[in-house]
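Numbering (my numbering), first residue to last: 1251 to 1305.
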């Protein structure tokens, strides 16, 4: 599997304490939404409102 690192957001605040033992998943509930649409939306979103590091 190739991992596209071009859109990896860096410099985000650390949340929680290592070692991390959980993964939070999100689904839009919109069957017409694509992974690319989700990535674009979260990439533009202000990190103060919530953020991602991987899509």
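For every residue, glycine included, the Cβ atom is placed at its ideal position computed from N, Cα and C. Here the structure is a predicted model, which is why all the values come from computation and not from measurement.
State yes or no: is the C-beta of residue i within less than 8 Å of the C-beta of residue j?
| i | j | result |
| --- | --- | --- |
| residue 1257 | residue 1293 | yes |
What would DSSP say about residue i, mapped onto helix, strand or coil?
| i | result |
| --- | --- |
| residue 1262 | coil |
| residue 1275 | coil |
| residue 1270 | coil |
| residue 1287 | helix |
| residue 1255 | coil |
Examine chain B for any beta-carbon lying closer than 8 Å to the beta-carbon of residue i, and answer yes or no.
| i | result |
| --- | --- |
| residue 1282 | The structure shown has no chain B; it contains just one protein chain. |
Just tell me which of the options has its CA closest to the CA of residue i.
| i | options | result |
| --- | --- | --- |
| residue 1274 | 1281, 1287, 1266 | 1266 |
So, for residue i: in the same chain, excluding its five sequence neighbours on each side, which residues have a beta-carbon less than 7 Å away from its beta-carbon?
| i | result |
| --- | --- |
| residue 1251 | none |
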